[in-house]
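The opening position of the sequence shown corresponds to residue 1 in this note's numbering, with each subsequent residue numbered one higher. For every residue, glycine included, the Cβ atom is placed at its ideal position computed from N, Cα and C. What you are looking at is a predicted structure, and each value in this text was computed from that prediction instead of being measured.
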Amino acid sequence: GTIAFPTNHTKIECKCAVAVLSRFLHNWTRICIEAALDLVTYMVYSHDLGIVFSYGLDPHGINTVYGFTDSTLTPPVSMGANNAKMNGGCIAANAKKHTMTDTSTTMAELVEAFNASQSLVGVRNLHTEMGITLNAPTKLYCDCQPVIQVVNGDRTMTESTRALDLKLWKVRERVDVQEISVIWCSTVDEQSDLNTKALPTRQFRYLRDGLNGYGLVMLHYPDVPMPEAAIKRDELIEMIMEYDNADEEPT
Numbered sequence: 001g002t003i004a005f006p007t008n009h010t011k012i013e014c015k016c017a018v019a020v021l022s023r024f025l026h027n028w029t030r031i032c033i034e035a036a037l038d039l040v041t042y043m044v045y046s047h048d049l050g051i052v053f054s055y056g057l058d059p060h061g062i063n064t065v066y067g068f069t070d071s072t073l074t075p076p077v078s079m080g081a082n083n084a085k086m087n088g089g090c091i092a093a094n095a096k097k098h099t100m101t102d103t104s105t106t107m108a109e110l111v112e113a114f115n116a117s118q119s120l121v122g123v124r125n126l127h128t129e130m131g132i133t134l135n136a137p138t139k140l141y142c143d144c145q146p147v148i149q150v151v152n153g154d155r156t157m158t159e160s161t162r163a164l165d166l167k168l169w170k171v172r173e174r175v176d177v178q179e180i181s182v183i184w185c186s187t188v189d190e191q192s193d194l195n196t197k198a199l200p201t202r203q204f205r206y207l208r209d210g211l212n213g214y215g216l217v218m219l220h221y222p223d224v225p226m227p228e229a230a231i232k233r234d235e236l237i238e239m240i241m242e243y244d245n246a247d248e249e250p251t
């Protein structure tokens, strides 16, 4: 509980690690204890790295909500993650195992797309209650092209995806009534990928500082001091240029 508490507020990049550790709440081994200590060490080192919001820097617009969704097929149950962002920073994040066994990557991604749409619709309803006008569907970024085709009705459901009738039709309904819009996103820029599996340090820092908003601020304000644990501006620019054409959208 002590380790999990900060992941619900500012250390959102640690949700996957906490989810994995939570599977071993009894009969801890030396490996589990060392993993927990490594996580605590990281949290202490990056204690001043939280979530930063900016005004007018987010290309989606001011007070415009959008989200990311991703899932990794890991039998018997897959690990999924999704998040909602606004003004450059993350306002909601979820990462946990699915409750059913997924038989394909598309099925796992569809389940998580539904979970993400639940969160985004909740935020949209909150905006409406606050009097914020919503003039367009909320963008949900996904790196799985078959999911986008199925959700938009451009692809016939297979035997495995037919098992998802209720969740799939609900996502399709939300697309039809323009509550959400599922859009393709390059895997290297899929920020929810951060909480589905362990990533190399370089990619972890890149996605983390994109998710928490520090990357956006340092790109526009190079003179603003950043926490020691944050990615360096030169490294961030180098990775953006490297990834620019790394994963073109399928045709």
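Since residue i sits in a beta bridge, which residues does DSSP pair it with?
i	result
I183	Y141
N82	T69 and N94
G89	M86
Under 6 Å Cβ to Cβ from residue i, same chain only, skipping five residues before and after it: list those, please.
i	result
L57	G88, L216 and H220
K139	Y66, S181 and I183
P227	D48 and L49
C16	A95 and N195
A19	A95 and K96
T10	G50 and I51
Y141	F68, I183 and C185
K197	T72
A257	Because the chain here runs from 1 to 251, residue 257 falls outside it and cannot be looked at.
H60	Y66
Take the Cβ of residue i as the centre, count every other Cβ of all protein chains shown within 10 Å, and call the residue buried at 16 or more, exposed below.
i	result
K232	exposed
E112	buried
R30	exposed
V40	exposed
I62	exposed
N125	exposed
R205	buried
I12	buried
N83	buried
I148	buried
M241	exposed
D176	exposed
M130	exposed
P146	buried
V224	exposed
Y45	exposed
Y55	exposed
A230	buried
N8	exposed
L236	buried
N115	buried
D38	exposed
Would you please state the rounded distance, in angstroms, between the beta carbons of residue i and residue j? I believe it to be under 8 Å.
i	j	result
A81	S192	4 Å
S119	N152	Not really, about 20 Å apart at Cβ, beyond 8 Å.
N212	C90	6 Å
R174	S104	The pair is not a contact, with the Cβ atoms about 22 Å apart (cut-off 8 Å).
V69	M86	It should be pointed out that residue 69 corresponds to Thr in this sequence rather than to Val. No, T69 and M86 are not in contact; Cβ-Cβ is about 16 Å, not under 8 Å.
D143	E190	4 Å
Excluding the 5 residues preceding and the 5 following residue i in the sequence, name in chain order all residues of the same chain whose CB lies nearer than 7 Å to its CB.
i	result
P6	M43
E249	Because E249 sits at a pLDDT of 48, beneath the cut-off of 50, its placement in the model cannot be relied upon, and the following sentence gives the value as read from the coordinates. Same-chain partners within the cutoff: W184.
M239	Y206
I132	N63
A4	V18
So, at 8 Å on beta carbons, what are the nonlocal neighbours of residue i in its own chain, with the 5 sequence-adjacent residues on each side left out?
i	result
D244	none
H98	S71, V77, S78, M79, G80, A108, V111 and E112
C32	L21 and F24
L199	D193 and L207
P222	R233
V171	L110, A113, F114, S117, V151, I180 and V182
Y214	L49, V52, M226, P227, A230 and I231
L134	R124, H127 and T128
Please check if any C-beta of chain C sits within less than 8 Å of the C-beta of residue i.
i	result
I91	Absence of chain C from the displayed structure is noted, only one protein chain being present.
What are the complete alpha helix (DSSP H) segments, minimum 4 residues, inside the stretch 218 to 243? Correct list: 233 to 243.
Jot down the residue ranges of each uninterrupted alpha helix (DSSP H) in the stretch 20 to 56, minimum 4 residues, whole runs only, in chain order. Segments of the alpha helix (DSSP H) lying fully in the stretch 20 to 56: 30 to 45.
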